[in-house]
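**Q** Protein chains in written order, with my numbering: chain S, 13 to 342; chain Y, 13 to 342.
Using N, Cα and C, we set each Cβ at its ideal position, and we do this for glycine too.
Everything numeric in this text was worked out from a predicted model, so none of it was measured.
1. Any beta carbon of chain S sitting closer than 9 Å to that of residue 119(Y)?
2. Are the Cβ atoms of residue 238(Y) and residue 201(Y) separated by less than 9 Å?
3. Report all residues from its chain with a CB closer than 6 Å to the CB of residue 142(Y); omit the five preceding and five following residues, and keep chain order.
4. Could you tell me whether any Cβ in chain Y is nearer than 9 Å to the Cβ of residue 127(S)?
5. Can you find a CB in chain Y that lies within less than 9 Å of the CB of residue 88(S)?
6. Can you tell me which of the three DSSP states residue 63(Y) falls into?
7. Could you say if the segment 269-277 of chain Y and the segment 236-256 of chain Y meet the contact criterion of at least three C-beta pairs nearer than 8 Å?
8. For the beta strand (DSSP E) holding residue 107(Y), just list the boundary residues, first then last.
9. How about residue 103(S): is its C-beta nearer than 9 Å to some C-beta of chain Y?
10. Based on DSSP bridge pairs, tell me the residues matched to residue 235(S).
11. Return helix, strand or coil for residue 97(S), following the three-state DSSP convention.
12. Specify the secondary structure class of residue 205(S) as computed by DSSP and reduced to three states.
13. Would you kindly work out how many angstroms separate the C-alpha atoms of residue 137(Y) and residue 150(Y), rounded to a whole number?
14. From the beta carbon of residue 219(S), is the nearest beta carbon of chain Y less than 9 Å away?
15. Look up residue 193(S) in the DSSP assignment and say whether it is helix, strand or coil.
16. Quick test of your reading: residue 19(Y) and residue 337(Y), contact by CB under 8 Å. State the CB separation rounded to the nearest angstrom.
17. Could you tell me whether the segment 53-70 of chain S touches the segment 159-171 of chain S, where touching means 3 or more Cβ pairs closer than 8 Å?
18. Who are the Cβ neighbours of residue 83(Y) in its own chain at under 6 Å, not counting the five residues just before and after it?
19. Classify residue 203(S) as buried or exposed, calling it buried when 16 or more other Cβ atoms lie within 10 Å of its own Cβ.
20. So, does the CB of residue 260(S) fall closer than 9 Å to a CB anywhere in chain Y?
21. Determine the burial state of residue 264(Y): buried for a count of at least 16 other Cβ atoms within 10 Å of its Cβ, exposed for fewer.
22. Under 9 Å between C-beta atoms, does residue 47(S) make it to chain Y?
23. Measuring only between beta-carbons, confirm whether residue 83(S) sits less than 9 Å from chain Y.
24. Using 9 Å as the threshold, is the C-beta distance between residue 115(Y) and residue 17(Y) below it?
25. With DSSP as the reference, please indicate the residues paired to residue 341(S) in a beta bridge.
26. Could you tell me whether the Cβ of residue 61(Y) comes closer than 9 Å to any Cβ of chain S?
27. Identify the contact partners of residue 28(S) in chain Y, using a Cβ-Cβ distance below 9 Å as the criterion.
28. Below 8 Å, how does it come out for the segment 324-337 of chain Y and the segment 245-262 of chain Y: are there three or more Cβ pairs, yes or no?
29. Between residue 52(Y) and chain S, is the shortest Cβ-Cβ distance under 9 Å, so that the two count as touching?
30. Measuring alpha carbon to alpha carbon, tell me which of 166(Y), 167(Y), 205(Y) and 169(Y) ends up nearest residue 175(Y).
31. Under a three-way DSSP split, which group does residue 199(Y) fall into?
32. Could you tell me how far apart the beta carbons of residue 183(S) and residue 153(S) are, in whole angstroms, since I believe they sit closer than 8 Å?
33. What residue does the beta strand (DSSP E) around residue 83(S) start on, and which one ends it?
34. Drop a sphere of 10 angstroms on the beta-carbon of residue 14(S), count the other beta-carbons inside from all chains shown, and report buried for 16 or more, exposed for fewer.
35. Mind listing the chain Y neighbours of residue 17(S)? Cutoff is C-beta to C-beta under 8 Å, in chain order.
36. Thinking C-beta only, is residue 139(Y) closer than 9 Å to residue 301(Y)?
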């Protein structure tokens, strides 16, 4: 009883799916669904392979009403750069939510994950950043630093962009790329404090284990999206900052408690705000967002299976009647 | 930085991989490795989608020294038969254990799972059944009932085979298939007690939630392999039987406690044997197996990620220089 399965490579996906308003809407819808209830999203499956300096995470989510559900596998092998290979990799498999049969295999090497992660940053910026952002800042200099700023620029078209990274050359390369792509004034700063204090919108995209952003740098009219922490032990924002902010919101509280900035604040014993709201609750109006330009807001994004299911379903819808990819009868 | 990924369908796999001594040795080696230590095997990721009568399980394991690790996804959608489709499906993805990059996608619809499950039954029969098995019995009438008997016949070439199932027509079809394939005297019995009492080797392959095999049917020179239970709530063997047996062994204690026959015995409050041995410990001589023909033994197989990693790595080794499948550069 063979059926058709569409196998699509990273290069093919890059040809048809890019970061734009449509993808941001798809991811916003995923968070709405998460807040609407009925979503089933098991804890992340995680396997650390210390002797090869590798790890692998598996995420999934079932969203009622969606035609499919994705299983997303993200390996990270941190000795790869020595071999001239990227550390991060992986694929998404889309299954029919009616029959469980494989519909598509996206051999994306993490590209769709990059997109859905950046899109979540845009959703957070859309709901939490002040209406007018003159200056945006990004902490971190990798692929996601670039994508986060491109995504943020779609919803808050800032004129000035600051970049900070531990490696000045990497920071300059990131700034140059973004200056070219976004056509805005872009500058590398020497100290992350300078960046935070001068920006209305900051995105942190690092694997930091000691917080980079200090609470004392927070100021009115600031929104920070922290998207680097996705594991126990990672921490980009000083725990006191979460207390000092007028509003802290998580993509998924159950994950942020274990893997996000919220974990560090709880571990520090200073978290006193009870159960925080989730991004989807703000999108759907169940919880409040920014109340005035003067407020300080923080969004803690750990990355959720609903984003994977949403982007995989969306891409499959777009491709299913076309000729992109290889159709295999299995 | 595209790399080659081999995509292989069920039909292609069936052409090159079948149940034989080699596959049984591969699975035996997997259990040895599990006992040797260093294996990393996270708990099964499980997602139940009640509103579509579906579920999906994800298994994986890292075995030091193996070139790859598999992520295996097994959806079960139990309304599929109404659509003329099989309930069980799925695929295995093999990743390099050095770089984390995808090496192969086996679109096997569960075929490799069927093989590795049957092979585990043969490994259990090899280590626990009496040296001479005249009569084997299988409870259940599906794909796995057939495969378990074929696998058992490889290690214990019995002359007589009994089959019992709730549906007499299904039982007859299963018996007819096995009579043809194994060329042994095969008979459907009306009552599972008749089957257990007359056999030296019994395999249970059902999704039963009320135990089928009663403790009072146990007799000297009997080995039972229970492979149906793989979920909280499933139970094929009366809990008292696990106490009555001279030896109870699990494929993985941590799983059997949650998903296997051991779970039911513990839930019944009658388990008094402490931590039972694992199959791999018996294979490697760390724990004792059957001590005499007269003993009664029970093996509780819940299905482990090491089996998936072992069979996927083995199949990839066999295929990697050949032309089977479709090679996609991604």
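**A** For this structure:
1. yes
2. no
3. 212, 233 and 305
4. no
5. yes
6. helix
7. yes
8. 103-108
9. yes
10. 213(S) and 309(S)
11. coil
12. helix
13. 13 Å
14. no
15. helix
16. 6 Å
17. no
18. 72 and 105
19. exposed
20. no
21. buried
22. no
23. yes
24. yes
25. 16(S)
26. yes
27. In chain order: nothing, as chain Y lies at least about 15 Å away.
28. no
29. yes
30. 205(Y)
31. strand
32. 5 Å
33. 80-89
34. exposed
35. 119
36. yes
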